[in-house]
Amino acid sequence: MTITPFANGRLLVVAFEGWNDAGEAASGAVRSLKEQLDVYPISEVDPEEYFDYQFNRPVLSYDDDGDRVLTWPSVTMYGPTRPNAGRPESIAADAELQLSANNQSNIYLLLGTEPSRSWKAFARDVLETVVDNGITSIVFLGAMLADVPHTRPISVFTSSENTAVRTALGIERSTYEGPVGILSILGQAAEASGISTMSIWASVPHYVHNAPSPKATLALIDKLEEIVDVVIPRGELVSEAADWETGIDALAGEDEDMTSYIEQLEKARDTVDSPEASGEAIAQEFEKYLRRGDDKPDQGAAGDEPWRGKD
0 MTITPFANGR
10 LLVVAFEGWN
20 DAGEAASGAV
30 RSLKEQLDVY
40 PISEVDPEEY
50 FDYQFNRPVL
60 SYDDDGDRVL
70 TWPSVTMYGP
80 TRPNAGRPES
90 IAADAELQLS
100 ANNQSNIYLL
110 LGTEPSRSWK
120 AFARDVLETV
130 VDNGITSIVF
140 LGAMLADVPH
150 TRPISVFTSS
160 ENTAVRTALG
170 IERSTYEGPV
180 GILSILGQAA
190 EASGISTMSI
200 WASVPHYVHN
210 APSPKATLAL
220 IDKLEEIVDV
230 VIPRGELVSE
240 AADWETGIDA
250 LAGEDEDMTS
260 YIEQLEKARD
270 TVDSPEASGE
280 AIAQEFEKYL
290 RRGDDKPDQG
300 AAGDEPWRGK
310 D
């Protein structure tokens, strides 16, 4: 495993449910880390300050004792129970069963619902906790709806606003312009505070936007492993991703228009991935694809931007 700048010091991995989390892929990746790491809640925001309860309503449920309890929307930061614990000389032999401890004692997590108001104050609160805990770098995870086929590897885009990070990792700077989520607000605040950041975004096929996408979660975890010095167990994600793809295949098999549209997406993707593809050939293929836009099946959800370069 290649050691990167994000495998040294204390790292915060961030994901929010909501606008930044198509197919629940980003929040699913952080939940997977939470289940495998030895972490505990170290800070939680006051929901009264940052949430509109008509937009993010509290949820009523029964607990293990049969009592009815309310769960309020919130955001929680988790920290290692033993920060800076000693590191073993070897990593896990079986990534399916065990998490490498090479860097697990230095990983923090931030997970919750995207706040609906007071984003500047929210960013200040989060950054205060980040600084208090000596966190030196942040990886933001996100997922968006995009014109990609479910039958191909999930497209993942990495970017950073930090010149040193881009140079070290060989990644790009985002060129996206338009509406942003809380990840961008936190990213700018972190960089202004001298904390290195980068973003990892997965593309979720827009025609299956109503269902969780374990294949996209898996893609985020794969990319995160390249950046962070841990081996992350996949658990049941591999089989869940296969079942997800099989289920969509079955639905597409009953809909000729959907099958035809997926074939168009596959052709465009294969053109881009082809070793002999030139920039001009790629541009021509996507121009043809865009001209066919009016013939696409109903996307079912509006607001998804082109995948490349969104922060």
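Everything in the sequence shown is counted per numbering that gives the first Met the number 0, starting at 0 for the first residue and increasing by one.
Virtual Cβ for every residue (Gly too), placed ideally from N, Cα, C.
The model shown is predicted, which means the values in this text are computed figures rather than measured ones.
Beta-carbon within less than 6 Å of Glu47's beta-carbon, same chain only, minus the 5 sequence neighbours each way: which residues are those? Translated into positions along the sequence shown, residue 47 becomes position 48. The beta carbon of Glu47 lies closer than 6 Å to none in the same chain, with the five residues before and after it left out.
The alpha helix (DSSP H) with Trp243 in it runs from where to where? Numbered from 1 along the sequence shown, position 244 holds the residue referred to as residue 243. Per DSSP, Trp243 belongs to the alpha helix (DSSP H) from 236-252.
Determine the direct distance from the alpha carbon of Glu265 to that of Asp221, and round the result to whole angstroms. What you label residue 221 is simply residue 222 of the sequence shown in a count that begins at 1. What you label residue 265 is simply residue 266 of the sequence shown in a count that begins at 1. Cα to Cα, the separation comes out at about 22 Å.
Roughly how many angstroms lie between the CA atoms of Gly193 and Ser115, to the nearest whole one? Your numbering for residue 193 matches position 194 in the sequence shown. Your numbering for residue 115 matches position 116 in the sequence shown. Each residue's Cα considered, the two are about 26 Å apart.
In three-state terms, what does DSSP make of Phe156? Mapped onto the sequence shown, residue 156 falls at position 157. In the structure shown, Phe156 sits in a strand (DSSP, three-state: E or B).
Are Ala188 and Val125 touching if we call contact CB-CB under 9 Å? As a working mapping, residue 188 is identified with position 189 in the sequence shown. As a working mapping, residue 125 is identified with position 126 in the sequence shown. It is a contact, given that the beta carbons lie within the stated cut-off.
Of the residues Leu217, Arg172, Asp146, Ala210, the one placed nearest Glu262, counting alpha carbons only: Indexing the sequence shown from 1 puts residue 262 at position 263. Glu262 has its Cα closest to that of Asp146, out of Leu217, Arg172, Asp146, Ala210.
Using only CA atoms, which one of Arg233, Gly133, His149 lies nearest to Gly8? Reading the sequence shown from its first residue, position 9 is the one you call residue 8. The shortest Cα separation from Gly8 among Arg233, Gly133, His149 belongs to Gly133.
With DSSP as the reference, please indicate the residues paired to Thr70 in a beta bridge. For this step, residue 70 is matched to residue 71 along the sequence shown. According to DSSP, Thr70 shares a beta bridge with Val58.
Between which two residues does the alpha helix (DSSP H) harbouring Gly27 extend? Taking the first residue of the sequence shown as position 1, residue 27 is located at position 28. Taken as a continuous stretch (DSSP letters only), the alpha helix (DSSP H) holding Gly27 covers 24-35.
Is the number of C-beta pairs between the segment 49-56 and the segment 33-41 that are closer than 8 Å three or more? Contact between the segment 49-56 and the segment 33-41 is absent, with fewer than three C-beta pairs closer than 8 Å.
For the putative contact between Val203 and Ala142, defined by C-beta atoms under 8 Å, what is the C-beta separation to the nearest angstrom? Within the sequence shown, residue 203 is the residue found at index 204, counting from 1. Within the sequence shown, residue 142 is the residue found at index 143, counting from 1. About 5 Å separates the two Cβ atoms, so the contact holds.
With a 10 Å radius around its C-beta and 16 neighbouring C-beta atoms as the bar for buried, classify Val130 as buried or exposed. Position 131 of the sequence shown holds residue 130. Exposed.
From Thr245 to Asp269, what distance separates their C-alpha atoms? To locate residue 245, count along the sequence shown from 1; it is residue 246. To locate residue 269, count along the sequence shown from 1; it is residue 270. Whole-angstrom Cα-Cα distance: 20 Å.
Which stretch, first to last residue, makes up the beta strand (DSSP E) that contains Val271? The residue given as residue 271 occupies position 272 in the sequence shown. Careful: Val271 lies outside any beta strand (DSSP E), inside the alpha helix (DSSP H) at 255-272.
CB contact flag (Pro72, Pro57, <9 Å): Taking the sequence shown and counting its residues from 1, the one referred to as residue 72 is at position 73. Taking the sequence shown and counting its residues from 1, the one referred to as residue 57 is at position 58. In this structure, Pro57 lies closer than 9 Å to Pro72 by Cβ.
Are Pro211 and Ala25 close, meaning C-beta to C-beta below 9 Å? For the purposes of this step, residue 211 is identified with residue 212 of the sequence shown, where counting begins at 1. For the purposes of this step, residue 25 is identified with residue 26 of the sequence shown, where counting begins at 1. Result no, Cβ atoms of Pro211 and Ala25 do not sit closer than 9 Å.
Closest residue to Arg30 among Ala21, Glu43, Val12 (Cα-Cα distance): What you label residue 30 is simply residue 31 of the sequence shown in a count that begins at 1. Residue Val12 is the option with its Cα nearest to Arg30.
Please give the ranges of any beta strand (DSSP E) in the segment 141-197, keeping only runs that are unbroken, at least 3 residues long and fully inside the region. Within the segment 141-197, the complete beta strand (DSSP E) runs of at least 3 residues are 155-158.
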